[in-house]
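Worksheet: the structure to be examined is printed underneath.
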Amino acid sequence: MDLGTCNQRLRDHFSALARDRKDIPVFALEHDLAQAELLALESALRAHIRVAPPERNHQIAWVVYAAEIGYGYAGDEYWQTFESETPGWKSNGRREWIRDAFFSFQRQFSGAKPSGPWAEHFSIIAWPITHAILPRDLQQQLAWVLYNYRHWFSAELFEEPQRLGEFIAGWSWGTSARFQNLVQAPALVGQIASALLLQAEEGFKPLLYPATLKRISEDVDRERRGREWLRSAREAAEQRVRTRGFAIGRTNATFERRDEAHAEVIRLGIEPRLLLRPLEGSRFEVLLEIPDLSNLMFHFPQVRDVLAESRCTVSGAVGRPLARGRCLHGSQRVVLADWPRPDDVLLKFEQSDPQLEFLLRAECMLRPGTSWLFRVASDGLAYESRGLRVRAGSKYVLVRTEPFTCPPVGSSVELTCEGVHALLLETPAAITPDWERALKELQLGQAKLVEVWPAGLSAVAWDGEGHGEWLSSETPILGFRCDHVVDELTIAQSDGPSLSISLSDTPPGEPIFVEVPSLPVGIHNLSFAARCSNGAHSDLVGDLEIIMRIREPRPWSPSSILRGPLELRLDPAAPTLEQLWEGKASIEICGPDGRQTNCKVRFCARPGDVPLLERELPPLTMPLSSEEWARHFEIYFKKDDKHANVYDESRILEIDFLADELGRFTIRCEREFTPLRWTIRREAAGFIACLHDDAGREDPSVHRFSFERPTIGERLLTTPEHPVPRSGGLYVAGVSDLRASASIIVPPIVHDLSDLGCEPRLNAPSPTVEHIPELVRFVQLWSAAKLPGNVIAELRRRKVVGFLMAHLWALIGGDRWGRKEDEFSREVIGIGGLRLAVSSIRSPNGSERPPTDIFPRELLTELQTAPLSHRCAALVDLIERRRLMPYSARSRPIAPSLHPVKSNGDASTAKLAEFALRIASDPATLTLWADGEFNRGIESLLKAPTLARAARFLVLAIDNQLHSAVQPGEIYAGWRWSA
Amino acid sequence: MRRLNPEEVHAQKVRELGLDPAALDLNTPEGVAGALRRAVSHLCPCSSATLVRSVVDPLRGLVSDPEQAKNLVQDTLEAMISYGDVLEQPEFQEDDSPAARLLLYAAPASFVVRQSGLVILLGIAADHLSPLGSELERRIQYSGHVRRLSPLFGTEDLRGELRELGLLELTWDTWLRCPRPIAASQAVAASNQALDEVPPSRDIPGLQILDPMRPVGYYRGRWTEPKTHTGRFVARRRQTYGADLWCYVQLNNGHPQRMIDFPAFGSRWRGCDEAWHLQMAIDANRNSPQLFRVKPTGNAAVLEFFSPAPAWARRRWDAIGEPVPGAGSLFAYRIPETEIEEERRFASDALWLEEMTTGSKW
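Order-wise, the sequence lines are chains W and C.
For the first sequence, my numbering begins at 21 and goes up steadily by one.
For the second sequence, my numbering begins at 6 and goes up steadily by one.
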């Protein structure tokens with residue numbers, strides 16, 4: 021094949037394509053070459069590059085070639101693949117040449133231009149991958165998202181690719197990092213998805229070149245599961261589009277005004293529900309049912325990260341906060357120990373976000389008032405009845421914030437929830453005048469005559485009186501009954517038609533049934549009015565207002581935890597391979613006590629490949645805590661050197677949990693996808709540290725730090741591969757304009773016991789307090805470095821970090837403290853001796869008395885298993901008792917308000933206490949937490965050395981009590997901060 | 006909006022459940038099972054009372070005998086729990102306190118394949134969405150609470166297709182796993198030994214016992230409150246919310262002396278499964294075994310039972326037969342004639358039941 025001719029043919033083709041295209045960009049994958057032609061082009065380019073640099077008049081051919089490699093890209097090494105498939109490129113080609121070729125392509129043919137943060141970080145490979153349209157490994161994920169959320173499709177969604185792309189982005193929080201990169205360009209994703217879904221639709225104008233679209237569709241169809249997913253998603257899309265016609269237009273999908281957002285939140289119906297559950301001894305517990313918040317993410321994409329990645333505290337509930345992303349997996353029931361105040365937002369997320377707070381404040385609060393009525397149903401549960409109206413012959417619990425003084429009817433019942441009082445009412449078969457008076461006194465009304473209920477099949481939720489929830493896929497039918505003679509029933513829908521039914525032939529008490537037409541998602545009001553004719557006019561006998569909330573069904577997926585007996589809690593929700601291996605991701609399994617789950621671990625080099633290694637671990641007994649999991653994984657998998665070596669070669673780790681009929685979960689973790697990455701390779705001569713640079717910017721700077729001199733960096737040449745000396749070390753690469761960096765610890769080669777030893781030394785012989793920030797930075801550098809599978813690397817890191825921490829604390833706590841810490845670490849002194857060094861009390865005769873009030877043994881035992889917030893509170897208590905804060909002459913704390921905004925004195929003490937405990941246990945967590953106030957925090961600690969030493973003492977004492985059995989991600993046992 | 010008559014309500018809702026309104030209504034076992042699956046998909050985890058209520062309440066004005074409808078719903082739910090659509094498990098406690106409440110959970114969407122290629126579908130997805138494609142969904146055969154799929158032309162790879170769709174495959178052995186057959190006397194002795202080893206109990210509120218002296222043919226009539234009873238009894242304790250707790254209790258003049266709870270720690274069976282099995286052993290040991298009846302009907306036979314059977318036994322009959330209404334019995338299955346001898350042996354060896362002969366009485 022003549023490359024010049026081929027290039028010209030491609031130019032003609034892309035020019036014609038560009039003329040036809042208006043708003044849609046041209047992609048290099050739309051090259052219109054048949055398979056044989058493509059192969060010929062590829063071999064011609066390879067033949068050329070072996071002997072000569074790429075030529076300008078072959079530029080378009082190279083663009084097509086690079087896009088084709090991008091189409092098969094699976095998140096591994098783009099350039100490595102490119103270079104290995106293109107012998108001669110390393111010597112004759114340049115990456116920048118490819119980028120320039122794409123620039124030129126984009127200018128000439130209105131080609132696609134990569135956008136979004138991902139494109140900025142991966143400035144060269146973003147071009148070929150974007151022009152690959154939908155790389156193969158992302159096709160199944162797109163089909164999965166479209167299938168899962170097909171019930172949410174609406175005609176409007178298909179009017180604008182950007183909107184469809186935003187829809188996909190909104191629902192892609194559980195997908196791989198690469199897919200999340202793809203959805204950063206919503207218009208492109210929307211175009212691809214529209215094309216895949218609506219290609220068969222009459223009047224559909226293909227957005228992509230038909231042959232290319234056909235190729236992608238066929239590739240998605242190649243896997244049976246993808247084919248099924250796409251087929252079902254297409255059916256749903258075609259159905260929705262037909263209901264409203266099809267047009268591609270531009271609309272503004274964002275909410276620009278707060279009142280619009282407010283209206284939208286109300287429409288989504290995220291109001292929590294209250295219910296009472298009976299306990300032994302005529303008591304009730306109060307449950308708050310929190311609705312699924314996942315639809316908020318689609319409507320308000322800006323709150324996505326907070327909802328998916330931060331824990332949630334429920335107002336009035338005790339115990340641990342809800343795990344990250346838990347509110348996105350269907351409704352959750354939480355027991356309330358305290359009745360929330362009227363102005364409490366019921367859900368509070370760790371990361372504060374004013375937008376989300378506004379949305380939650382709109383609907384996610386208790387219904388205002390001082391009384392709440394619950395109707396006790398036949399199953400024993402009491403459901404909130406919002407109308408505050410009772411019926412004869414029924415049982416209710418009335419809950420009030422004020423106590424009931426001499427209630428005229430009913431009997432008191434106990435609630436296991438502070439702040440409210442409850443009265444049990446059992447109404448007689450007919451309401452007597454005494455009862456009428458009593459109900460009036462209790463400010464309750466009577467539900468009269470007219471009764472409405474979901475007929476045939478129950479609603480998703482029904483409060484027994486007039487509030488209910490249905491799915492959009494259903495056609496609700498309501499039953500109606502009136503005890504009196506009624507001539508006419510009028511049913512009016514607030515936002516739709518009404519119906520009048522003559523009931524003159526219907527005897528009183530006989531039910532009639534009404535079908536309500538399918539309603540769109542949102543809240544709809546339906547009013548029932550029963551009239552009886554009275555001569556010329558008619559009297560209203562009874563009326564009832566029904567509130568119907570319509571919602572979309574939640575998608576099903578094989579790992580769906582909703583309604584089942586097993587629950588897998590992952591934190592973070594989509595951990596990377598590195599996080600899982602290094603124990604920085606927590607896995608908990610909630611399931612029946614004592615039942616077992618089997619566990620299988622698989623390593624793969626690429627998606628769909630035969631596993632590099634597959635191992636069945638011994639079964640685990642449920643419930644399984646994250647600590648138990650970490651231990652199990654460590655003992656039965658990580659400790660095996662063979663597994664550690666495979667870890668270094670793998671990109672994907674899958675863990676299957678299978679508990680017979682109870683269910684199965686699969687966790688899939690991929691390697692981090694960052695512009696700079698290190699991997700290590702073992703060769704006969706030793707390790708090679710390999711740097712993968714996809715940033716495409718300036719050459720990264722590369723440094724090596726030895727274990728012996730952990731604060732001195734040796735600058736290395738910027739080459740992709742670095743032979744590692746036998747002693748190993750820390751390798752760091754960084755690109756300044758992206759602030760991107762990567763680091764890895766390479767272990768030493770160990771032949772005998774003497775190779776295991778390591779004595780780190782500091783650069784400065786006598787460091788001073790000015791060195792504190794620098795030492796903290798080095799602790800952070802070593803703590804954040806990635807670890808290979810090899811266990812020695814982890815031991816070396818511990819050694820270095822421990823060494824740096826000891827020096828850091830000799831500076832903060834003073835020389836004497838430093839010596840005592842050293843003696844404590846060598847077991848020369850015990851906890852008592854260390855406590856003495858915190859703040860000794862000198863007797864008149866000169867002898868030292870131990871400060872027994874500083875974390876006495878009993879308190880330490882209690883704090884050993886307590887959450888970190890309790891330990892902070894204990895330190896605050898000590899600070900206040902001993903007045904350890906640095907006070908000014910006017911007795912006001914002079915410690916800076918560390919975080920957040922303006923702190924009062926108490927908050928300032930609490931913040932300084934947490935700062936002290938963090939720097940004493942894991943200074944790496946301070947970067948985000950102290951938020952620019954690090955230096956002021958250090959300044960405060962140096963002014964309050966007793967406080968600082970007390971914090972450090974607490975850290976070391978608890979570590980000691982736990983026998984220094986550190987969990988992954990910890991420097992000291994029992995000290996793992998969440999953020 | 007339009008007014009519907011009761012027949013139209015039945016037809017519309019049966020259609021919504023994916024069933025044939027020409028053949029079924031909401032008061033048939035298939036209709037009730039469909040309504041229960043839908044309720045499970047919205048409400049679980051919850052108590053059985055909550056599920057029964059949510060199916061029975063909407064039938065107001067649509068069935069002639071609400072009490073009979075309620076019984077049908079309760080029996081169907083029990084059959085679905087035994088079958089494996091619904092799982093009874095202790096409620097998970099966040100604070101590690103011992104869980105006392107037994108709640109019902111939806112089993113994950115799963116399937117079992119018989120050697121013939123026939124697939125038995127199990128489990129319920131949230132919001133009653135089918136994990137199957139619409140084409141497979143249309144091919145489901147409903148028989149009482151049982152759902153089956155037959156391969157087309159006998160060659161279709163249903164197993165592969167369902168796995169691809171993400172359904173969990175349970176092996177035949179896992180689904181039908183049952184205790185190792187032992188003699189009734191050994192079963193009783195094992196429970197007695199376990200009871201001997203626990204410390205004495207105090208009063209047990211809400212205790213009801215199964216009185217072995219009462220006739221084995223009327224299960225509901227065998228339950229009584231302990232009065233002057235002395236001996237060891239299968240018993241249950243009512244819960245304010247959630248299923249009854251099952252136990253084996255030693256009484257002295259009606260006063261509890263010792264008690265062990267069912268199920269045993271880590272058991273995959275429900276408390277009632279273990280309790281019913283023990284009661285079968287107790288009755289057999291007392292020479293008044295529980296009974297079953299075989300009624301020939303053409304080239305099949307109906308097996309009738311008069312006391313509840315453990316889930317593992319019912320699953321076996323769900324797999325080989327089809328549930329049919331049992332006139333005068335607690336539940337019944339139509340079984341192919343070729344399987345009858347095998348099932349007679351199973352009833353005798355694993356459940357210690359005795360076959361009723363014509364004219365026999367209890």
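A virtual CB, placed ideally from N, CA and C, is assigned to each residue, including glycine.
Since we're looking at a predicted model, the values are computed, not measured.
Go ahead and pull the three-state DSSP assignment for residue i.
i, result
"W/Q28", "helix"
"W/G269", "Summary for W/G269: the model assigns pLDDT 31, below 50, so the residue's position carries little reliability, and this model does not support an answer."
"C/N292", "coil"
"W/T966", "helix"
"W/A17", "What the structure shows of chain W is the stretch from 21 to 999, and residue 17 of chain W is not part of that stretch, so it cannot be assessed."
"W/H51", "coil"
"C/P328", "strand"
"C/L9", "strand"
"W/S911", "Annotation note: pLDDT 42 at W/S911 (below 50); position unreliable, coordinate value reported separately. Correct three-state label for W/S911: coil."
"W/K659", "coil"
"W/R264", "For W/R264, the predicted model reports a pLDDT of 45, less than 50, meaning its position is unreliable; a value from the coordinates is still stated below. Correct three-state label for W/R264: helix."
"W/V770", "coil"
Does any residue of chain C bring its CB to less than 8 Å from the CB of residue i?
i, result
"W/G108", "no"
"W/L491", "yes"
"W/L560", "no"
"W/C624", "no"
"W/G850", "no"
"W/S577", "yes"
Output yes if chain W places a C-beta closer than 8 Å to the C-beta of residue i; else output no.
i, result
"C/Q17", "yes"
"C/A28", "no"
"C/T245", "yes"
"C/F116", "no"
"C/Y88", "no"
"C/V124", "no"
"C/M6", "yes"
"C/R273", "yes"
"C/L24", "no"
"C/F270", "yes"
Rounded to whole angstroms, how far is the Cβ of residue i from the Cβ of residue j, which I believe are closer than 8 Å?
i, j, result
"C/P186", "C/L212", "Their Cβ separation, rounded to whole angstroms, is 31 Å, which puts C/P186 and C/L212 out of contact at 8 Å."
"W/V433", "W/T421", "That belief does not hold up - the Cβ atoms of W/V433 and W/T421 are roughly 16 Å apart, past 8 Å."
"W/C437", "W/L356", "5 Å"
"W/L208", "W/A121", "Between W/A121 and W/L208 the Cβ distance is about 20 Å, and since that is not below 8 Å, they are no contact."
"W/E508", "W/I521", "7 Å"
query: According to a CB-to-CB cut-off of less than 7 Å, which residues of the region 514-533 of chain W neighbour chain C?
result: Of all residues in the region 514-533 of chain W, only P517, L519, I521, P531, I532 and F533 come within less than 7 Å of chain C when Cβ atoms are compared, listed by chain position.
- prompt: Whole alpha helix (DSSP H) runs in the region 249-323 of chain C with 4 or more residues, listed along the chain?
  reply: Fully enclosed alpha helix (DSSP H) runs of 4 or longer: 276-290.
Positions along the region 57-71 of chain C whose CB lies within less than 9 Å of some CB in chain W: Against chain W - using a Cβ distance shorter than 9 Å - the residues of the region 57-71 of chain C are V57, R58, S59, V60, V61, D62, P63, L64, R65, G66 and L67.
message: Using a Cβ-Cβ cutoff of 8 Å, what residues of the region 371-397 of chain W are near chain C? List them in chain order.
response: Residues A397.
- prompt: Curious, which full-length alpha helix (DSSP H) runs of at least 4 residues does the region 571-603 of chain W contain?
  reply: Fully enclosed alpha helix (DSSP H) runs of 4 or longer: 597-601.
- prompt: Hey, which unbroken runs of the beta strand (DSSP E) at 3 residues or more fall wholly within the region 672-739 of chain W?
  reply: The qualifying runs are 672-678, 684-690, 696-703, 706-713, 721-725 and 733-736.
task: Anything in the region 70-87 of chain W with a Cβ closer than 9 Å to a Cβ of chain C? List those residues in chain order, please.
output: Result list empty, no residue passes.
message: Counting only Cβ-Cβ distances shorter than 9 Å, please list the residues of the region 43-55 of chain C near chain W, keeping chain order.
response: Within the region 43-55 of chain C, R43, A44, V45, S46, H47, L48, C49, P50, C51, S52, S53, A54 and T55 place their CB atoms closer than 9 Å to a CB of chain W, listed in sequence order.
query: Which runs of the alpha helix (DSSP H) spanning at least 4 residues fall entirely within the region 332-405 of chain W, listed in chain order?
result: Within the region 332-405 of chain W, the complete alpha helix (DSSP H) segments at least 4 residues long are 374-383, listed from N- to C-terminus.
The region 169-182 of chain C: positions lying closer than 8 Å to chain W by Cβ: When CB distances to chain W are screened at a threshold of 8 Å, the residues of the region 169-182 of chain C falling below it are E169, L170, G171, L172, L173, L175, T179 and W180, in chain order.
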